[in-house]
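Let me begin by presenting the structure, written as structure tokens, before commenting on it.
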Amino acid sequence: MVKRGGEPMRFSFLFINRLRTLVLMLLGFLFFLFLFGPVYWMFATSLMTESEMLSIPPHFLPNEPTIRNYLTILKIGDPNYLKIAFNRAPSVFDIGPALINSLLVSITVSLLNLSIATPAAYAFARLNVRSGLIMLMTYLAVRMIPPIMIVVPLFLVMKDLGLIDTKLSLIIVYCFFTVPFSIWVLQSYFKAMPAELEDAALIDGCSRFQTVRYILLPLAKPGLTCVAILSFMSSWSEFLFAVVFTKSTDSKTLTVIAAGFADSASIQFDYVMTAGVLTALPPFLLALFFQKYIVGGLASGAVKG
Amino acid sequence: MQLRRKWVPPNEPQPLLFFILNSPAIILLIGLVLYPVIYSFWISLHEYNLRQISRVHFIGLDNYFSIMSGDQFWDAALNTLIFCAGSISLTVILGTLLALLINEKFPGRGILRAVMLLPWAIPPVVNGLLWQWLLEGQYGLINAILVGLNLINEPYAWLSMPSTAMPVLIIAQVWNHVPFVAVVMLAALQTIPDELYDSSKIDGAGIFQRFRFVTMPWLSHALLLVLVTQTMVAIRTFDIIYVLTGGGPGTATTVIAWLTYVTTFNMNDFGRGNAYAYIIALVTFILSLIYIRMLWLRGEVSR
């Protein structure tokens with residue numbers, strides 16, 4: 679309850695509070711416009727027909743929103759229209775297979791991350807080995823290597839191994855980006871967890887594997903989720919290796935197909951923006967639903983160092 | 016009763032197990048990092064053009080010398096400097112502001128918090144396409160808004176003018192990376208104990224003093240970390256350039272990372288391309304050393 683005391687101090691305090699809220703809301707609104715505006719326009723364009731997309735001035739709200747662009751990408755609809763769409767943008771039907779390729783690659787990378795990074799992170803957090811810190815720093819230093827520096831040698835190696843134009847080549851290479859960071863995040867997450875429970879279990883005669891399986895991992899679920907999602911997201915959006923290593927729809931990922939639209943001379947932004955929405959959707963949903971885990975993991979891995 | 020064969024106290028160091036548990040990661044890194052890094056340096060010491068594969072031969076450091084003596088490299092270096100300075104400073108300032116804002120209580124904070132994740136979820140390639148569409152010279156939204164507000168008289172081809180291509184590229188890059196900075200800074204802000212603010216209030220510190228003497232020092236570690244990651248991201252950025260400007264118009268947005276890509280994969284000059292790549296790596300390495308030293312001086316990496 680606000681007491682109406684009549685003292686001028688009280689009034690000015692309330693007024694300043696109001697003003698503060700107003701300023702914060704205004705700033706928030708500006709940030710909202712900046713962050714959300716471009717995404718809104720991407721989504722709005724994906725619901726437009728070609729002629730509406732090219733109207734001047736542009737329609738901020740689509741007059742007749744349609745999901746036909748999405749159906750076209752999935753090869754659903756009137757065959758005649760599909761033919762026209764294909765003539766306009768031949769790569770429009772590559773988006774579907776690329777979506778599946780991207781999903782397969784990214785999910786595999788994120789599972790591989792968990793299985794490679796978890797034991798290593800456990801070793802750093804719990805085994806008290808002196809040289810551990812040096813190795814941890816080495817893992818961190820690996821992240822400083824620009825991908826473009828190793829893309830040529832890896833291309834030559836993959837060619838020798840006959841792995842060019844396969845999803846496997848991308849999976850292997852993406853582990854290079856993601857595993858060191860995953861180890862870094864996980865080990866600081868493990869370190870932040872109290873070791874007493876595990877020690878007690880060890881003293882009671884549990885094997886190390888059992889303490890990890892039944893005590894550490896269940897408690898570390900948020901950290902593991904964070905690592906899985908972050909590695910999924912970086913594989914999902916990777917472009918350099920994807921564009922160098924892939925040649926056909928067997929392995930081309932979404933980013934490669936999307937970039938292909940940039941080369942064409944005619945304006946196909948309705949399809950491009952539709953593909954963009956599809957590309958942005960999985961990472962966005964993951965980030966939205968697991969925001970707490972990601973922030974928590976980043977906080978333990980990054981902020982506390 | 017049979018005792019367990021061998022019991023190791025929990026705090027005993029176990030180097031063997033340590034290396035066994037690390038071995039998958041080590042194998043991965045040797046195969047995917049150590050070997051390619053050495054191999055790529057070896058290639059950079061050769062005249063190695065895929066178009067003239069028969070003429071591959073060892074030339075020592077000649078690739079580096081010829082790069083350093085040409086204008087192309089220094090133009091690109093200047094562009095890289097502008098791109099990095101612009102995008103890093105804007106990203107860090109806006110991201111920190113956004114984090115400070117979301118850390119306050121006001122109506123609509125929840126919406127902003129969710130919306131903030133959207134640009135983060137968009138891959139750089141898609142980001143480039145999105146801004147290409149926003150900035151389109153005839154039908155683009157930004158032109159329509161600016162014409163509607165009477166700020167410009169007619170649609171402007173932002174991406175094909177040398178003077179505006181770079182600023183526009185920086186804005187697109189900033190838009191994509193602000194959320195990451197905000198998320199990290201927000202996480203750091205939320206670890207500040209309320210007691211610090213309370214006691215400084217009692218001591219009579221105003222809002223700016225509290226920000227200067229409580230918030231800023233607490234954020235310094237996160238700030239440095241964000242600077243390091245953003246520097247590494249900016250210096251190797253090439254995917255958004257691939258779709259947005261292609262290094263042009265002319266060479267207005269040709270940064271070293273883009274020059275590396277073009278030299279390697281468009282001109283198939285692997286030797287020169289790898290020399291460029293090594294220069295990028297060297298610069299990254301020096302910058303990282305400077306940052307690490309800054310961290311050391313602050314006594315933050317004492318562990």
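First to last, the protein sequences are chains A and B.
In terms of our numbering, the first sequence opens at residue 679 and continues consecutively.
In terms of our numbering, the second sequence opens at residue 16 and continues consecutively.
C-beta: ideal position from N, C-alpha, C; glycine also.
Nearest residue (CA-CA) to residue i, options the options
i: residue 886 (chain A); options: A:800, A:727 and A:739; result: A:800
i: residue 798 (chain A); options: A:906, A:749, A:810 and A:789; result: A:810
i: residue 63 (chain B); options: A:911, A:947 and A:830; result: A:830
i: residue 957 (chain A); options: A:710, A:700 and A:748; result: A:748
i: residue 794 (chain A); options: A:965, A:725 and A:862; result: A:862
i: residue 709 (chain A); options: B:140, B:303, B:126 and B:160; result: B:126
i: residue 48 (chain B); options: A:759, A:874 and A:820; result: A:820
i: residue 45 (chain B); options: A:803, A:874 and A:816; result: A:816
i: residue 776 (chain A); options: A:973, A:895, A:915 and A:970; result: A:915
i: residue 872 (chain A); options: A:907, A:883, A:897 and A:690; result: A:897
i: residue 813 (chain A); options: B:41, B:32, B:275 and B:178; result: B:41
i: residue 917 (chain A); options: A:908, A:931, A:926 and A:905; result: A:931
C-beta neighbour in chain A for residue i, strict 8 Å
i: residue 28 (chain B); result: yes
i: residue 83 (chain B); result: no
i: residue 219 (chain B); result: no
i: residue 147 (chain B); result: yes
i: residue 100 (chain B); result: no
i: residue 137 (chain B); result: yes
i: residue 119 (chain B); result: yes
i: residue 280 (chain B); result: yes
i: residue 274 (chain B); result: no
i: residue 17 (chain B); result: Because residue 17 (chain B) carries a pLDDT of 49, less than 50, the predicted location of this residue cannot be relied on, and no value is offered for it.
i: residue 303 (chain B); result: yes
i: residue 232 (chain B); result: no
i: residue 131 (chain B); result: yes
i: residue 80 (chain B); result: no
i: residue 247 (chain B); result: yes
i: residue 226 (chain B); result: no
Terminal residues of the alpha helix (DSSP H) in which residue i lies
i: residue 194 (chain B); result: 177-204
i: residue 228 (chain B); result: Careful: residue 228 (chain B) lies outside any alpha helix (DSSP H) and carries neither H nor E.
i: residue 890 (chain A); result: Neither: residue 890 (chain A) is in no alpha helix (DSSP H) and is coded neither H nor E.
i: residue 27 (chain B); result: Looking at the DSSP string, residue 27 (chain B) is not in any alpha helix (DSSP H), and its letter there is neither H nor E.
i: residue 869 (chain A); result: 845-870
i: residue 171 (chain B); result: Unbroken run through residue 171 (chain B): none, as it is neither H nor E.
i: residue 970 (chain A); result: 969-976
i: residue 913 (chain A); result: 899-915
i: residue 796 (chain A); result: 773-804
i: residue 99 (chain B); result: 86-118
i: residue 746 (chain A); result: 746-751
i: residue 131 (chain B); result: It is not in any alpha helix (DSSP H) - residue 131 (chain B) carries neither H nor E in the DSSP assignment.
i: residue 833 (chain A); result: 825-838
Residue i at chain B interface by Cβ criterion, 8 Å
i: residue 679 (chain A); result: Confidence in residue 679 (chain A) is poor, its pLDDT being 45 and thus under 50, which makes the residue's placement unreliable; the coordinate value appears in the next sentence. Chain B, which has no Cβ nearer than 8 Å to the Cβ of residue 679 (chain A), makes this no.
i: residue 755 (chain A); result: no
i: residue 981 (chain A); result: Its pLDDT being 48, under 50, residue 981 (chain A) is placed unreliably by the model, and nothing is read from it.
i: residue 933 (chain A); result: yes
i: residue 862 (chain A); result: no
i: residue 800 (chain A); result: yes
i: residue 898 (chain A); result: no
i: residue 832 (chain A); result: yes
i: residue 739 (chain A); result: no
i: residue 957 (chain A); result: yes
i: residue 683 (chain A); result: Here the model assigns residue 683 (chain A) a pLDDT of 49, short of 50, so the residue's position is not dependable, and the following value carries that caveat. Chain B contact via Cβ: absent.
i: residue 871 (chain A); result: no
i: residue 937 (chain A); result: yes
i: residue 904 (chain A); result: no
beta-carbon residue i near the ligand GDP non-hydrogen atom, thresh 7 Å
i: residue 876 (chain A); result: Absence of the ligand GDP is noted for the structure shown, with no ligands found whatsoever.
Cβ-Cβ separation, residue j to residue i (assumed contact under 8 Å), whole Å
i: residue 245 (chain B); j: residue 192 (chain B); result: 7 Å
i: residue 919 (chain A); j: residue 848 (chain A); result: 6 Å
i: residue 204 (chain B); j: residue 234 (chain B); result: 7 Å
i: residue 271 (chain B); j: residue 92 (chain B); result: 6 Å
i: residue 720 (chain A); j: residue 122 (chain B); result: Not a contact, Cβ separation roughly 27 Å.
i: residue 910 (chain A); j: residue 788 (chain A); result: 4 Å
i: residue 769 (chain A); j: residue 845 (chain A); result: Contact doesn't hold; Cβ gap of about 19 Å is too wide.
i: residue 32 (chain B); j: residue 805 (chain A); result: 6 Å
Cβ contact check for the stretch 58-66 of chain B and the stretch 280-291 of chain B: 3 or more pairs under 8 Å: yes
Segment contact flag, the stretch 155-172 of chain B with the stretch 69-81 of chain B, C-beta cutoff 8 Å, min 3 pairs: no
Any 3 or more C-beta pairs closer than 8 Å across the stretch 948-955 of chain A and the stretch 288-306 of chain B: no
Stretch-stretch touch, CB-based, cutoff 8 Å, three pairs: the stretch 135-150 of chain B with the stretch 226-243 of chain B: no
Three or more C-beta pairs below 8 Å linking the stretch 738-756 of chain A and the stretch 925-943 of chain A: no
contact_flag[the stretch 820-835 of chain A, the stretch 778-790 of chain A] where n(CB pairs < 8 Å) is 3 or more: no
Validate contact between the stretch 254-265 of chain B and the stretch 235-244 of chain B using beta carbons, cut 8 Å, 3 pairs: no
The stretch 170-183 of chain B in contact with the stretch 964-971 of chain A per 3-pair CB rule at 8 Å: no
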